[in-house]
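J.: Structure provided below as C-alpha cells; questions to follow.
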Amino acid sequence: MGPFEYFWFLVFVFFIFIALVRGYNRELGATTMIFVALFLITYLLEPRLPTMVSKSYRQVMKASPSPRQMDNYLANLYSVTFIAIIFASYAGETFSLKGKPAAGWRGTIYNILIGAVNGYLVAGTLWYFQDKFHYPSASLGILNLPLTQMGEHLANFLPPYVIPPIFWAVLVTIMLLFRVKN
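So for the sequence shown, our numbering puts the first residue at 3; every next one is plus one.
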C-alpha cells in the first residue's frame with residue numbers, strides 16, 4: 003500500500019474509533035445519513051452538476067473550463083457536499099435508532115462492525131471522488147500517481163462503483179423502517 007491508501011485506511015480506522023465511543027445505535031443514524039448523502043450525490047447531483055458548473059463558469063468567466071478545471075471543481079463540490087452532510091449527521095442531536103445497546107463484547111463487536119461500514123462508506127466515497135475525477139489532489143502535490151497495484155485494485159470496490167445509485171434510496175427506506183419499528 004502507498005501513502006494514498008494509508009490515508010484512507012486511517013480515515014476508515016478513525017470511524018471505527020468514533021463508533022466505539024458513540025455506540026452502534028447512534029452510528030446507525032449516521033449510517034442512514036450517509037446513505038442519504040450517497041443517494042443525493044449519485045442519483046441527483048452526478049447527472050446534473052457537471053452541466054450546471056460548466057454553464058455557470060461560462061457565464062462568469064466568458065470561457066469554457068478546461069477538462070482539468072472541471073475535474074477539480076466537481077471533485078471539490080462533491081467532496082464538500084458529502085463532508086457537510088456527514089458532519090451534520092455527527093454534530094449535535096443526531097438521528098439514532100431507539101433501544102438499549104447490547105452490553106459487553108457483543109456491543110463492542112456491533113460498534114466495530116458499524117464503524118467499519120461507516121468508515122468504508124465515508125473513506126470510499128471521498129476516494130471515489132478523487133478516482134472519478136482523475137485525482138485532482140495530485141496537482142496539489144498531495145499524491146504521487148500512479149497508485150500502487152493494491153490501490154488500483156481497491157479503487158474498483160469504492161461504494162459508488164459497487165452499489166447502483168437507486169439502491170441507496172432502498173437502504174435509506176430500510177433504515178427508516180427500522181427506526182419506526184423500534
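For every residue, glycine included, the Cβ atom is placed at its ideal position computed from N, Cα and C. Bear in mind that the values here come from a model prediction, so they are computed numbers and not experimental data.
Considering only the beta carbon of each residue, do ALA124 and ILE36 sit closer than 8 angstroms?
T.: Checking the sequence shown, residue 124 turns out to be Val, not Ala. Going by C-beta atoms, VAL124 is nearer than 8 angstroms to ILE36.
J.: Mind checking ILE20: buried by the 16 CB within 10 Å criterion, or exposed?
T.: buried
J.: In angstroms with no decimal places, state the Cα-to-Cα distance between GLY106 and TYR112.
T.: CA-CA distance, GLY106 to TYR112, rounds to 10 angstroms.
J.: From the DSSP output, in three-state form, read off ILE165 for me.
T.: coil
J.: Using the C-alpha atoms, what's the distance from VAL15 back to MET152?
T.: About 18 angstroms.
J.: Please identify the residue among PRO69, TRP129 and PRO67 whose C-alpha is closest to the C-alpha of ILE85.
T.: TRP129
J.: Whose CA, out of LEU76, GLY109, MET177 and LYS100, lies closest to the CA of SER139?
T.: For SER139, the nearest C-alpha among the options comes from LEU76.
J.: Ignore the nearest five residues each way along the sequence and tell me which others in GLY25's own chain have a CB closer than 7 angstroms to its CB.
T.: PRO103 and ASN113
J.: Residues in its own chain within less than 6 angstroms of TYR59 by CB, not counting five upstream and five downstream?
T.: PRO67
J.: My guess is that GLY4 and THR150 are in contact by the Cβ rule of under 8 angstroms, so how many angstroms apart are they, rounded?
T.: Their Cβ separation, rounded to whole angstroms, is 4 angstroms, which keeps GLY4 and THR150 in contact under 8 angstroms.
J.: Apart from the five residues just before and just after LEU156, which ones in its own chain have a Cβ nearer than 7 angstroms to its Cβ?
T.: GLU7
J.: Once the 5 residues before and after GLU159 are set aside, which same chain residues still bring their CB inside 8 angstroms of it?
T.: Note on residue identity: the sequence assigns Phe, not Glu, to residue 159. Around PHE159: GLY126.
J.: Would you decide whether TYR163 is buried or exposed? Buried here means 16 or more other CB atoms lie within 10 Å of its CB.
T.: exposed
J.: Have a look at SER81 and THR110 and give me their C-alpha separation to the nearest angstrom.
T.: Each residue's Cα considered, the two are about 30 angstroms apart.
J.: Nearest by alpha-carbon distance to GLN71: which of MET177, LEU142 and LEU179 is it?
T.: Taking GLN71 as reference, the option from MET177, LEU142 and LEU179 with the minimal CA-CA separation is LEU142.
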